[in-house]
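Engineer: Structure in structure tokens, see below.
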Amino acid sequence: AQSVSQHNHHVILSEAASLELGCNYSYGGTVNLFWYVQYPGQHLQLLLKYFSGDPLVKGIKGFEAEFIKSKFSFNLRKPSVQWSDTAEYFCAVIVDNYGQNFVFGPGTRLSVLP
Amino acid sequence: DGGITQSPKYLFRKEGQNVTLSCEQNLNHDAMYWYRQDPGQGLRLIYYSQIVNDFQKGDIAEGYSVSREKKESFPLTVTSAQKNPTAFYLCASSMDPGDSNQPQHFGDGTRLSIL
């Protein structure tokens, strides 16, 4: 079965630090990749997505992610985090011919200290 | 504003009782989904429906049931057969279930606790 792993359960950073959250998936075929964010008390929101083309994807709020097919990875990055980035981040994958059935990673909680 | 409404936000249930969680969307989306979110496990798919009057089991359907009588509504019943129902339940929808490029939109969730 397809699976998605996220490297860190909880990441704590100071403001202005750089961020990289790891995401790896287990499927060898064509995939569509997503990062969702859940701010405290809010619903899940789409941060960015990758379908094809340039493997470096720009999202909202200064986030970007890089798809590395050879490593089955889709890591999320931000050069300088803010306190308002404190949230839980979920990586998700749709595999080809699997319809709309997302497979989510376990999530990474990011705490940014002011 | 278009969106997904889940109700109630908090729900308490006695052991042995069935309980139904509501999910309504006014996005005119064809597909709807129910996930369960547990700490450290991310989201796991319970049931999904790609069209009215049709639904399919997800990864953890045992102890749950759903119906899809209307496009905008996809209620989830947690039955007494579900051994560990305490969790946060999320409903989602997407425009075209055949298009894997479409992201899912999520509701605010319902937190179910067993008394």
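Residue numbers (the working numbering), protein chains in the order written: chain U, 1 to 114; chain A, 1001 to 1115.
From the three backbone atoms N, C-alpha and C, an ideal C-beta is built for every residue, glycine too.
Just so it is clear, the structure is predicted and the values come from calculations on it, not from any experiment.
#1: Can you tell me the Cα-Cα spacing of Ala16 of chain U and Ser84 of chain U, whole angstroms?
#2: Please confirm if Asp1108 of chain A has its CB atom under 7 Å from at least one CB of chain C.
#3: Check whether chain U comes within 7 Å of Pro1103 of chain A, counting only Cβ atoms and requiring the distance to be less than that.
#4: Rounded to the nearest angstrom, how far is the Cβ of Pro106 of chain U from that of Gln6 of chain U, given a contact under 8 Å?
#5: For the beta strand (DSSP E) that contains Met1032 of chain A, what are its first and last residues?
#6: Taking the alpha-carbon positions, what's the Asp1059 of chain A to Leu47 of chain U distance?
#7: To the nearest angstrom, how far is it from the Cα of His123 of chain U to the Cα of Asp1054 of chain A?
#8: Out of A:Ile1051, A:Glu1024 and A:Asn1084, state which residue places its alpha-carbon closest to the alpha-carbon of Pro1075 of chain A.
#9: Whose C-alpha, out of A:Tyr1047, A:Asp1038 and A:Glu1015, is nearest the C-alpha of Ser1093 of chain A?
#10: Could you run through the segment 39-70 of chain U and flag, in chain order, every residue whose CB is less than 7 Å away from some CB of chain A?
#11: When the distance is taken between beta carbons, is Val81 of chain U closer than 7 Å to Val112 of chain U?
#12: Which of the residues in the segment 1023-1047 of chain A, read from start to end, lie with their CB under 8 Å from any CB of chain U?
#13: Going by DSSP, what residue range makes up the beta strand (DSSP E) through Arg109 of chain U?
#14: Determine contact between the segment 33-42 of chain U and the segment 1010-1029 of chain A, defined as no fewer than three beta-carbon pairs at a distance below 8 Å.
#15: Taking the runs of the alpha helix (DSSP H) that are 4 residues or longer, which of them lie wholly in the segment 50-97 of chain U?
#16: Does the ligand MG have a heavy atom nearer than 6 Å to the CB of Glu1062 of chain A?
#17: Does the beta-carbon of Gln1006 of chain A have 16 or more other beta-carbons within 10 angstroms, so that it is buried, or is it exposed?
#18: How many angstroms separate the CA atom of Ser52 of chain U from the CA atom of Pro1085 of chain A?
#19: Give the secondary structure of His10 of chain U by DSSP, where H, G and I count as helix, E and B as strand, and everything else as coil.
#20: For Asn97 of chain U, which residues in the same chain have their Cβ closer than 6 Å to its Cβ, ignoring the five residues on either side in sequence?
#21: Could you tell me which chain U residues have their CB closer than 9 Å to the CB of Leu1090 of chain A, listed as they occur along the chain?
#22: On the criterion of 16 or more Cβ atoms from any shown chain inside 10 Å, does Asn1018 of chain A qualify as buried, or is it exposed?
#23: Return helix, strand or coil for Ile1060 of chain A, following the three-state DSSP convention.
#24: In chain order, what residues of the same chain lie with their CB nearer than 8 Å to the CB of Ser3 of chain U, ignoring the 5 residues before and after it?
#25: Relative to the alpha-carbon of Ala1087 of chain A, which residue among A:Thr1110, A:His1105, A:Ser1073 and A:Ile1004 has its alpha-carbon at the smallest distance?
Structural biologist: Per the coordinate set shown:
#1: Stepping through the first sequence from its first residue, residue 16 of chain U is reached at position 16. Stepping through the first sequence from its first residue, residue 84 of chain U is reached at position 84. Between Ala16 of chain U and Ser84 of chain U, the C-alpha separation is close to 12 Å.
#2: Protein chains in the displayed structure are U and A, and chain C is not among them.
#3: For the purposes of this step, residue 1103 of chain A is taken as residue 103 along the second sequence, with counting starting at 1. Pro1103 of chain A counts as touching chain U.
#4: Position 106 of the first sequence, counting from 1, holds the residue named residue 106 of chain U. Position 6 of the first sequence, counting from 1, holds the residue named residue 6 of chain U. Confirmed, about 6 Å.
#5: Here residue 1032 of chain A refers to the residue found at position 32 when the second sequence is read from its first residue. Residues Ala1031 to Asp1038.
#6: Locating residue 1059 of chain A in the second sequence gives position 59, where the first residue counts as 1. Locating residue 47 of chain U in the first sequence gives position 47, where the first residue counts as 1. One C-alpha to the other measures close to 25 Å.
#7: Because chain U is modelled from 1 through 114, residue 123 of chain U falls outside the range shown and cannot be assessed.
#8: Position 75 of the second sequence, counted from the start, is the residue given in the question as residue 1075 of chain A. Restricting attention to A:Ile1051, A:Glu1024 and A:Asn1084, the CA atom closest to the CA of Pro1075 of chain A is found in A:Glu1024.
#9: What you label residue 1093 of chain A is simply residue 93 of the second sequence in a count that begins at 1. Relative to Ser1093 of chain A, the option among A:Tyr1047, A:Asp1038 and A:Glu1015 whose CA is nearest is A:Tyr1047.
#10: So the list reads His43, Leu44, Leu46, Lys49 and Phe51, given in the order they occur along the chain.
#11: On the first sequence, residue 112 of chain U is found 112 positions in, with the first residue counted as 1. On the first sequence, residue 81 of chain U is found 81 positions in, with the first residue counted as 1. Contact annotation: Val112 of chain U and Val81 of chain U have beta-carbon atoms nearer than 7 Å.
#12: Under the 8 Å Cβ criterion, the segment 1023-1047 of chain A contributes Ala1031, Tyr1033, Tyr1035, Gly1040, Gln1041, Gly1042, Leu1043, Arg1044 and Leu1045.
#13: As a working mapping, residue 109 of chain U is identified with position 109 in the first sequence. Segment Thr108 to Leu113, the beta strand (DSSP E) holding Arg109 of chain U.
#14: Short answer: they don't touch.
#15: DSSP runs (the alpha helix (DSSP H)) wholly in the segment 50-97 of chain U: none.
#16: As presented, the structure is devoid of all ligands, the ligand MG included, so that no description of it is given.
#17: Looking up residue 1006 of chain A in the second sequence gives position 6. Gln1006 of chain A comes out buried.
#18: Numbered from its first residue, the first sequence carries residue 52 of chain U at position 52. Numbered from its first residue, the second sequence carries residue 1085 of chain A at position 85. Computed Cα separation, rounded: 39 Å.
#19: Reading the first sequence from its first residue, position 10 is the one you call residue 10 of chain U. It is a strand residue.
#20: Here residue 97 of chain U refers to the residue found at position 97 of the first sequence. At Asn97 of chain U, the pLDDT of 49 sits below 50, so the modelled position is not reliable and the matter cannot be decided from this model.
#21: By one-based count along the second sequence, residue 1090 of chain A stands at place 90. What Leu1090 of chain A touches in chain U: His43 and Leu44.
#22: Position 18 of the second sequence, counting from 1, holds the residue named residue 1018 of chain A. Asn1018 of chain A comes out exposed.
#23: Residue mapping note: residue 1060 of chain A aligns to position 60 of the second sequence, counting from 1. Coil, per DSSP.
#24: As a first step, residue 3 of chain U must be located in the first sequence, where it is residue number 3. Closer than 8 Å at Cβ, skipping near neighbours: Tyr25, Ser26 and Val103.
#25: Taking the first residue of the second sequence as position 1, residue 1087 of chain A is located at position 87. Taking the Cα of Ala1087 of chain A as reference, the smallest distance to any Cα among A:Thr1110, A:His1105, A:Ser1073 and A:Ile1004 is reached at A:Thr1110.
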